[in-house]
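Just so you know, we're using this note's numbering here: the sequence shown kicks off at 2 and counts up by one.
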Amino acid sequence: MRQPTAVKNVLLLKAGDAAEAVRVSVGDYDRWFLQAIGLSGYRFDIVLAHRGAPLPTRADGYDAVMMTGSPLSVTALEPWMKRAADFMVEAGERGTPVLGVCFGQQLLAHAYGGRVSRNPQGRETGSVEVTLTEAGKQDPLFDGVPERFIAQATHEDIVSHLPDGAQVLAGNANTAAQALAFRPTVRGVQFHPEAGVDTLRAVIEARWEGLERDSVARGAAPGEYVRQLLAGLTPSPAGRRILLNFLERFT
2 MRQPTAVKNV
12 LLLKAGDAAE
22 AVRVSVGDYD
32 RWFLQAIGLS
42 GYRFDIVLAH
52 RGAPLPTRAD
62 GYDAVMMTGS
72 PLSVTALEPW
82 MKRAADFMVE
92 AGERGTPVLG
102 VCFGQQLLAH
112 AYGGRVSRNP
122 QGRETGSVEV
132 TLTEAGKQDP
142 LFDGVPERFI
152 AQATHEDIVS
162 HLPDGAQVLA
172 GNANTAAQAL
182 AFRPTVRGVQ
192 FHPEAGVDTL
202 RAVIEARWEG
212 LERDSVARGA
222 APGEYVRQLL
232 AGLTPSPAGR
242 RILLNFLERF
252 T
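Structure below.
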């Protein structure tokens, strides 16, 4: 780990592109992180990992490494995913703090020997309640976060089998592994701490047809499910707290 500096250098690995309508409305995945965290005290290097952009030789030049979500799936592994996974694992072994979000958590789980699968309970979308485990209550990632908190979620895949040594920090009825500790400085969250209500609204509206189709197939009245998702969107102040905890308490 690098010695603390006045400005912390953060490597943000971009793992995919948001839908065009989402990018126009609220920006792409990297922008969500920058807006949630803020630029005061941080300098971000953004690497388009999903497009095969070269990764740094080592993470030693950074105070922290973060990976975004993605519309892609670890169940359909691509070469760039393995390179990024190996990079994050090596960074963690050297003591550099690493945080994987959504797809990022799943890729870390795969890299450490776990399994990622489609969630048999279906896609989790919207503002959801997440509960800390006893381990989560003690973890610095969740300092100042209540035992039950609201988070923004949008995912189909889950970590279905934990890798050896991983510890569940938070979960809910849909997704047991909402947050994981993989190694002393390596964490993952399945929800999106970088996303707010406006972000989720844009995502839901962009996926309206698919969400509607899936809900009707499960017996919902046309339009009912999506309207409920939009009506249920709730601010999630814990998200920013979690991101800042990672950057301040792990670096």
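Note that the Cβ used here is the ideal one computed from N, Cα and C, for glycine as well.
Note that this is a predicted model, so its numbers are computed, not measured.
Straight-line CA distance for residue i to residue j?
i	j	result
Gly62	Asp87	17 Å
Asn120	Thr252	33 Å
Met2	Glu210	Confidence is the limiting factor: at Met2 the pLDDT is only 49, short of 50, which leaves the residue's position unreliable and the question unanswerable from this model.
Ala22	Arg208	10 Å
Glu79	Tyr113	17 Å
Arg228	Leu234	10 Å
Gly224	Ala20	21 Å
Gly18	Val75	The amino acid occupying residue 18 in the given sequence is Asp; Gly does not appear at that position. So the alpha carbons of these two residues sit roughly 15 Å apart.
Arg250	Ala232	35 Å
Gly220	Asn10	49 Å
Arg52	Gly70	14 Å
Val190	Tyr30	15 Å
Ile38	Arg32	10 Å
Ala171	Thr58	33 Å
Ala167	Phe143	17 Å
Let me confirm a value: residue i is counted as buried when at least 16 other C-beta atoms fall within 10 Å, else exposed. Which label applies?
i	result
Asp165	exposed
His162	exposed
Leu40	exposed
Arg44	exposed
Glu125	buried
Ala178	buried
Asp140	buried
Leu8	Going by the sequence as given, residue 8 is Val instead of Leu. When all chains shown are included, Val8 counts as exposed.
Asp158	buried
Going by beta carbon distance, what residues of the same chain come within less than 6 Å of residue i, once the five residues before and after it are set aside?
i	result
Ser237	Ile151, Ala152 and Gln153
Arg184	Gly93
Pro194	Gly240, Ile243 and Leu244
Met68	Leu14, Ala16, Gly101 and Gly105
Taking 9 Å as the CB-CB limit, is residue i close to chain C?
i	result
Met89	No chain C is part of this structure, which consists of one protein chain only.
Bridge partners for residue i per DSSP, in chain order?
i	result
Tyr43	Lys9
Val204	Bridge partners of Val204: none, in fact.
Starting from residue i and walking both ways along the beta strand (DSSP E), at which residues does that stretch end?
i	result
Ala253	Any property of residue 253 remains undetermined from this structure, which presents the chain solely from 2 to 252.
His162	Asp158 to His162
Gln168	Gln168 to Gly172
Arg219	Unbroken run through Arg219: none, as it is neither H nor E.
Val187	Val187 to Val190
Leu181	Ala180 to Arg184
Val75	Run containing Val75: none; DSSP gives neither H nor E here.
Arg119	Arg116 to Arg119
Going by beta carbon distance, what residues of the same chain come within less than 8 Å of residue i, once the five residues before and after it are set aside?
i	result
Arg149	Glu130, Val131, Thr132 and Leu133
Specify, as a first and last residue, the run of the alpha helix (DSSP H) that residue i falls within.
i	result
Thr132	Here Thr132 belongs to no alpha helix (DSSP H); instead the beta strand (DSSP E) covers Glu125 to Leu133.
Gly101	Not the alpha helix (DSSP H): Gly101 falls in the beta strand (DSSP E), residues Val99 to Val102.
Ser26	Glu21 to Val27
Lys83	Pro80 to Glu94
Asp31	Tyr30 to Ile38
Ala239	Ala239 to Arg250
In chain order, what residues of the same chain lie with their CB nearer than 7 Å to the CB of residue i, ignoring the 5 residues before and after it?
i	result
Pro72	Gly17
Val217	Pro223
Trp81	Ala50, His51 and Gly53
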